[in-house]
Ligand SMILES: Cc1cc2nc3c(=O)[nH]c(=O)nc-3n(C[C@H](O)[C@H](O)[C@H](O)COP(=O)(O)O)c2cc1C
């Protein structure tokens, strides 16, 4: 009888059944994934400190003693402080004028509501610190850093019995975070949704595993099936870190129209550009991307300025139903998500597919 390949070091250290980690902004998805025996990390960069405290309490009520995580980002290259209004006033002229030109040519009306993205925590360095204070006070079992080295809070987290996870896209970054004492690394490839580096998942995962020693590594980027999970474990990962997979699931709070678009999308329908936030990011293709790739376009503004330009267009797209100007972070694995399933079903299907994949390679287990 062979050992269960899905029962990894991650399952041992967290007391979970399956080595699947969901990154999600949606509390309902997080609760469903956790209660199905996997693990969830709630993205909280867009929440105020009070909202974070309330969300943590809500999740605790839904999952009881089961562990969960919170994700924040700590980018090094954004301004130290500044309100959205102050930062918007600093948007460089060339990019502001090009955006005005896009609005004129495509007849995009101003948004009806203030763009939600204006609340993003990472537009300055000050807000993530305030968000972090709440997460530390609440002693959330895992705090993950999606951008920036979390080394500066490792000691404070460990004193509170919390684990610190770091997302990396390069071996050099992994080495620095290991030296800083992180408890787990997510090695993420260019296939991933959201902010990501330029190395493929198949190359970055074994590279990080090779230097991580006893520190577990999760594979992130393009993971949407059990075959991907089996592949990730074979590369030496202790589990998978997934984002896109949960966007069109039954519980997800993503708009129905966007869910349908995600379910229809193929692996060719995403693109990698810095025109959304100023950092390189994988999202669904849109007219906004076409415009910034045109020969007359200036280079996108650095983060966070480009994000403010896009946030207004995104909100107009939502308010006036302009699908060409709507996009969403999505990884290349989106092409394998074809039906809207409950999160619990996604976990179980992934586990079964991974077992099937191992059976195909090693032959069926006798037991
Ligand atoms: C809609 C969406 C928003 C995201 N926002 C964040 C974020 O705020 N912080 C973060 O660390 N990662 C964010 N990510 C990236 C995920 O954490 C994860 O690294 C990525 O989705 C993995 O690749 P996959 O989508 O191919 O599974 C986001 C991903 C998606 C799909």
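Numbering (the working numbering), first residue to last: 3 to 369.
Positions of the beta carbon are idealized from the N, C-alpha and C atoms, including for glycine.
Distance between residue j and residue i (C-alpha atoms, nearest Å)
i	j	result
residue 239	residue 115	43 Å
residue 74	residue 147	5 Å
residue 304	residue 81	11 Å
residue 349	residue 263	22 Å
residue 99	residue 298	12 Å
residue 217	residue 343	33 Å
residue 137	residue 329	30 Å
residue 132	residue 27	19 Å
residue 160	residue 225	30 Å
residue 34	residue 254	10 Å
residue 251	residue 261	8 Å
residue 230	residue 356	8 Å
Reduced DSSP secondary structure (H/G/I, E/B, other) of residue i
i	result
residue 164	coil
residue 322	coil
residue 150	coil
residue 199	coil
residue 258	helix
residue 283	strand
residue 41	strand
residue 231	helix
residue 8	coil
residue 207	helix
residue 309	helix
CB contact below 7 Å: residue i versus chain C
i	result
residue 199	No chain C appears in this structure, which consists of one protein chain only.
Residue from the options whose Cα sits closest to the Cα of residue i
i	options	result
residue 57	31, 216, 296, 93	31
residue 346	295, 175, 37	37
residue 204	215, 44, 235	235
residue 282	199, 269, 296, 223	199
residue 292	128, 327, 41, 255	327
residue 354	5, 20, 11	20
residue 313	44, 105, 167, 179	105
residue 140	266, 171, 359, 59	59
For residue j and residue i, believed in contact at Cβ under 8 Å, the rounded distance
i	j	result
residue 164	residue 145	6 Å
residue 113	residue 321	5 Å
contact_flag[the region 191-208, the region 320-337] where n(CB pairs < 8 Å) is 3 or more: yes
The region 247-254 touching the region 339-350, judged by at least three CB pairs closer than 8 Å: yes
Stretch pair the region 178-185 + the region 269-278: three plus CB contacts closer than 8 Å: no
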